[in-house]
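Remarks on the structure that follows.
Protein chains in written order, with my numbering: chain A, 785 to 1105; chain B, 785 to 1105.
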């Protein structure tokens, strides 16, 4: 899975101190890469601060094109993992506007800087399952797009913008549409992280009342362990076909209820689950499933089974919160 | 083609003083509508300034959400034709950023104002053939998107954003993907307007040298007369299915060369055509053709043949430039 010339690569991971970014740094270091630079938004570097020299961590607001270009000139990357994006924060006009314009500007900065500074570099542009118009069966890369929230819209925009640079300026871009992933260091707010944290807290609590209140448990999702996702990104950077989109997911679904029961069983406790309809989302897509034939042909599939991955995740929350 | 309750409609056309907008106002007035409001960007109102009372023309920068909302509160539209968008102006970072963010903000303003002020209104969101990933055969609404320039990207974003409001807030939105259109009052910069203007100028010029210098003539486009496009928009507002996308085009192609020869023949002159490779675009898609089965089923097809439409257009440029 390593590039034939991997020792001469200069790797830049935008958003590299984030959740998937930090696991990607782990994986690249493990594969022998040394020349890995990351951008961080703000000065919090978390796990990556412990594993990369500080000279390779660059606090940067990527919406600032001039500063982005300066960094590209300094680093001269040959591979760019474009992981940076703002997640959805609210539903007011101003907040929607912020997410949409920040994600557009981030992508435009990175693409423009690559075009001007290192037009031969290869870029992996990270998209999401949320770009698709939902359907109950497996989503193929050629399926119709139709995001149901502005975050999904902004990710479509990022993808289309990268596509236009690929077509118009011959930039070498490979695309993912990544499905749900989870694992150590994911921020609460995502379902597996949330549940793991709640169950871990109950496990350590002295209180006799062991109860967890949840929203819709029926939703089925295509969950993949984040370290498998990181391996997929490295593979796509090495072997992905330019201009092509690849679903990254496990190709199977588990219900949210199943995940919760597995976590409860890891805790060894007798936890009562109550359903709170207030926690239901206005639109909850019943099934999100990836068709992964395309990436499988490149030689990747998720190799960590869900029980093992949930155990690692649960242990992380037991030890860190 | 008129709505059963058309007399009670309050119509707002954003970007209504523009090219397609002005023909839409003509068509709505001709169908008996009176309560037609338009927004104009800046104070230039052109043709619409002559046919609508000034109280129904509202200078407005639609990227300003608060001002947009104020207008919606005043007008209380029941039908909104969302024609407003900035066209691509250049290729620098700042200009790309401007087009992308302006078109995103315009759409977000209009959708948010509709959601807050008139959530029962019907919105027609205007997209473009430039949203599609080019192919040589007829483009269907379910085909893969992949714009080759940032203007196309911004139109995908507008569409996806409207789709997300339709799904998340139940806004009643119908979508077009409109193919090339031409006719009176189109600004030079578009191929038919450009050629018409050049041939009209040569026709009136005293100079013995009758020569026209052009770029790639081989490209084939799906050209439709703008007044047919306006009828399509009115039909879709009345009968389009909510949440659905409709190609709007003629379903046939003509080469750019054919169009030029027809215009030259209208001039009655013997004009020499020279090819200037400098006028070739870096990427010129060879064929753009609409599959129009979907809108045909609603009862629309382009009814003006290209010879008649080119004659009307040529006469306009003869009389107005």
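Ideal Cβ placement from N, Cα and C applies to all residues, glycine included.
Look up residue i in the DSSP assignment and say whether it is helix, strand or coil.
{"i": "residue 993/A", "result": "coil"}
{"i": "residue 919/B", "result": "coil"}
{"i": "residue 1071/B", "result": "strand"}
{"i": "residue 1054/B", "result": "coil"}
{"i": "residue 1045/A", "result": "helix"}
{"i": "residue 794/A", "result": "coil"}
{"i": "residue 888/B", "result": "helix"}
{"i": "residue 966/A", "result": "strand"}
{"i": "residue 853/A", "result": "helix"}
{"i": "residue 1004/B", "result": "strand"}
{"i": "residue 785/B", "result": "In this predicted model, residue 785/B has a pLDDT of only 42, less than 50, meaning its place in the structure is not dependable; the value taken from the coordinates is given anyway. Residue 785/B: coil per DSSP, three-state reduction."}
{"i": "residue 756/A", "result": "With chain A covering 785 to 1105 only, the question about residue 756/A has no answer from this structure."}
{"i": "residue 1011/B", "result": "helix"}
{"i": "residue 838/B", "result": "helix"}
{"i": "residue 998/B", "result": "strand"}
{"i": "residue 880/A", "result": "helix"}
{"i": "residue 929/B", "result": "strand"}
{"i": "residue 1087/A", "result": "coil"}
Hey, how far is the Cα of residue i from the Cα of residue j?
{"i": "residue 842/B", "j": "residue 820/B", "result": "11 angstroms"}
{"i": "residue 1018/A", "j": "residue 1097/A", "result": "22 angstroms"}
{"i": "residue 1100/B", "j": "residue 1013/B", "result": "18 angstroms"}
{"i": "residue 973/B", "j": "residue 1093/B", "result": "18 angstroms"}
{"i": "residue 810/B", "j": "residue 867/B", "result": "15 angstroms"}
{"i": "residue 1065/B", "j": "residue 1000/B", "result": "8 angstroms"}
{"i": "residue 945/B", "j": "residue 832/A", "result": "35 angstroms"}
{"i": "residue 840/B", "j": "residue 979/A", "result": "55 angstroms"}
{"i": "residue 976/B", "j": "residue 969/A", "result": "57 angstroms"}
{"i": "residue 876/B", "j": "residue 859/B", "result": "38 angstroms"}
{"i": "residue 965/B", "j": "residue 850/B", "result": "33 angstroms"}
{"i": "residue 796/A", "j": "residue 1076/B", "result": "45 angstroms"}
{"i": "residue 1002/B", "j": "residue 807/B", "result": "29 angstroms"}
{"i": "residue 794/B", "j": "residue 943/B", "result": "23 angstroms"}
{"i": "residue 956/A", "j": "residue 883/A", "result": "26 angstroms"}
{"i": "residue 825/B", "j": "residue 856/B", "result": "16 angstroms"}
{"i": "residue 888/A", "j": "residue 897/A", "result": "14 angstroms"}
{"i": "residue 911/A", "j": "residue 933/A", "result": "14 angstroms"}
{"i": "residue 1071/A", "j": "residue 1036/A", "result": "11 angstroms"}
{"i": "residue 772/A", "j": "residue 815/A", "result": "Any answer about residue 772/A is impossible in this case: the structure gives chain A only from 785 up to 1105."}
{"i": "residue 852/B", "j": "residue 1055/B", "result": "49 angstroms"}
{"i": "residue 981/A", "j": "residue 1006/A", "result": "20 angstroms"}
{"i": "residue 864/B", "j": "residue 907/B", "result": "5 angstroms"}
Alpha helix (DSSP H) containing residue i: first to last residue?
{"i": "residue 934/B", "result": "934-953"}
{"i": "residue 988/B", "result": "975-988"}
{"i": "residue 806/B", "result": "803-814"}
{"i": "residue 1097/B", "result": "1090-1104"}
{"i": "residue 800/B", "result": "It is not in any alpha helix (DSSP H) - residue 800/B carries neither H nor E in the DSSP assignment."}
{"i": "residue 1062/B", "result": "Looking at the DSSP string, residue 1062/B is not in any alpha helix (DSSP H), and its letter there is neither H nor E."}
{"i": "residue 832/A", "result": "830-835"}
{"i": "residue 1036/B", "result": "Neither: residue 1036/B is in no alpha helix (DSSP H) and is coded neither H nor E."}
Could you pull the start and end residues of the beta strand (DSSP E) that residue i belongs to?
{"i": "residue 956/B", "result": "956-962"}
{"i": "residue 1032/A", "result": "1029-1032"}
{"i": "residue 865/B", "result": "863-866"}
{"i": "residue 909/B", "result": "906-912"}
{"i": "residue 841/A", "result": "841-843"}
{"i": "residue 820/A", "result": "820-824"}
Residues of chain B with a CB under 8 angstroms from the CB of residue i: which are they?
{"i": "residue 926/A", "result": "928"}
List the residues of chain B that residue i touches, going by C-beta distances under 9 angstroms, in chain order.
{"i": "residue 933/A", "result": "948, 951 and 952"}
{"i": "residue 1072/A", "result": "Near residue 1072/A there are no residues of chain B at all, since even the closest Cβ is about 14 angstroms away, more than 9 angstroms."}
In chain A, what lies closer than 7 angstroms to residue i by C-beta?
{"i": "residue 881/B", "result": "889 and 892"}
{"i": "residue 1067/B", "result": "951 and 952"}
Going along chain B in order, which residues have a C-beta closer than 7 angstroms to the C-beta of residue i?
{"i": "residue 877/A", "result": "849, 892 and 896"}
{"i": "residue 885/A", "result": "885 and 888"}
{"i": "residue 957/A", "result": "Ordered by position in chain B, no residue passes the 7 angstroms Cβ test against residue 957/A, which lies about 12 angstroms from the chain."}
Run down chain A in chain order and give the residues with a C-beta less than 9 angstroms from the C-beta of residue i.
{"i": "residue 936/B", "result": "944 and 948"}
{"i": "residue 987/B", "result": "Result: empty, since nearest Cβ-Cβ is about 36 angstroms, beyond 9 angstroms."}
{"i": "residue 809/B", "result": "Residues of chain A passing the Cβ test: none, with the nearest at roughly 28 angstroms."}
{"i": "residue 901/B", "result": "Within 9 angstroms Cβ-Cβ: nothing; residue 901/B doesn't reach chain A, min ~12 angstroms."}
Three Cβ pairs or more, each shorter than 8 angstroms: is that satisfied between the region 985-1005 of chain B and the region 871-878 of chain B? no
Looking at C-beta atoms only, is the number of pairs between the region 1066-1073 of chain B and the region 1082-1090 of chain B that lie closer than 8 angstroms three or more? no
Between the region 1024-1044 of chain A and the region 917-936 of chain A, can you find at least three pairs of beta-carbon atoms closer than 8 angstroms? yes
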